[in-house]
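The sequence shown begins at 1 in the working numbering and counts up one residue at a time. For glycine and all other residues, C-beta sits at the position ideal for the given N, C-alpha and C. To keep things clear, I will list the structure first and then write my remarks on it.
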Amino acid sequence: MSAASDIIKLIKEKEIEFVDLRFTDPRGKLQHMTQDLTTIDEDFLNDGTFFDGSSIAGWKAINESDMILKPDLSRTFIDPFTSHNTLVLFCDIMDPIKKDYYERDPRSIAKKAEAYLKTTGIGDTIYFGPEPEFFIFDDVKISNTMQKVSFQVDSNEGPYNGDKEYPNGNMGHRPVVKGGYFPVPPVDSCQDL
């Protein structure tokens, strides 16, 4: 049994209504295109579908925008958050002229890096993952008017708040500029967030 026929079987067993094709753009943002089940068959799953690559920043110009979303049938799950039964298929981006992986697709780049690692003997396995990083703000002000665009952020931990008055007093424990990575309390005032 082929992987495509396994997916068709899963679609029938789980009463799937939509198939959501997902891919990552060059900036790492997840993108998607949802297909009605009536468009899905084994050919679709094996060959993929065309889409407008000019809509993705950094990919193709409008005059050469056709690209192919080719499902990776080993990377699927049923989306637990949709109101209709939806099967998610992660996709590779293919160049329709060269019939090869698109060189700016993050998945293609990762696959090429892994192949290089193996062929050079450097290693046999490579792991890619996100680096979670975030900021905690106490106040954010945004202005977008006809004559100006601005934003202002404030954080109690900001190194610029050494002389600010606080209701419970200013304890003076602040990280220096670029010093907010891995501090312990009292500099990390959000330990119990």
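Locate the beta strand (DSSP E) running through residue i, then write down its first and last residues.
{"i": "Asp36", "result": "30-36"}
{"i": "Leu201", "result": "Not covered by the structure: residue 201. The range shown for the chain is 1 to 193."}
Round the Cβ separation of residue i and residue j to the nearest angstrom and send it over; I've been treating them as touching at under 8 Å.
{"i": "Val153", "j": "Phe137", "result": "5 Å"}
{"i": "Gly172", "j": "Gly162", "result": "7 Å"}
{"i": "Glu157", "j": "Ser189", "result": "6 Å"}
{"i": "Leu30", "j": "Ile16", "result": "With a Cβ gap of about 20 Å, Leu30 and Ile16 do not count as contacting."}
Once DSSP output is grouped into helix, strand and coil, what is the label at residue i?
{"i": "Lys118", "result": "helix"}
{"i": "Thr145", "result": "coil"}
{"i": "Arg107", "result": "helix"}
{"i": "Leu10", "result": "helix"}
{"i": "Pro71", "result": "strand"}
{"i": "Phe135", "result": "coil"}
{"i": "Ser150", "result": "strand"}
{"i": "Asp47", "result": "helix"}
{"i": "Ile78", "result": "strand"}
{"i": "Thr24", "result": "strand"}
{"i": "Lys112", "result": "helix"}
So who's on the other strand from residue i, going by DSSP bridges?
{"i": "Asp100", "result": "Asp95"}
{"i": "Leu193", "result": "In the DSSP output, where bridge partners are listed per residue, Leu193 has none listed."}
{"i": "Asp52", "result": "Asp66"}
{"i": "Val140", "result": "Val153"}
{"i": "Val19", "result": "Gln35, Leu87"}
Spatial neighbours of residue i within its chain, please: CB distance less than 7 Å, with the 5 preceding and 5 following residues excluded, ordered by chain position.
{"i": "Asn63", "result": "none"}
{"i": "Pro183", "result": "Pro175"}
{"i": "Asp124", "result": "Lys118"}
{"i": "Pro45", "result": "The sequence as given places Leu at residue 45; Pro does not occur at that position. Closer than 7 Å at Cβ, skipping near neighbours: Ala4, Ile7, Pro71, Leu73."}
CB-CB under 8 Å to residue i, same chain, minus the five flanking residues each way: which ones, in chain order?
{"i": "Glu131", "result": "none"}
By Cβ distance below 6 Å, which residues in the same chain neighbour residue i in space, the five residues on each side in sequence not counted?
{"i": "Leu69", "result": "Leu21, Gly48, Thr49, Phe51, Cys91"}
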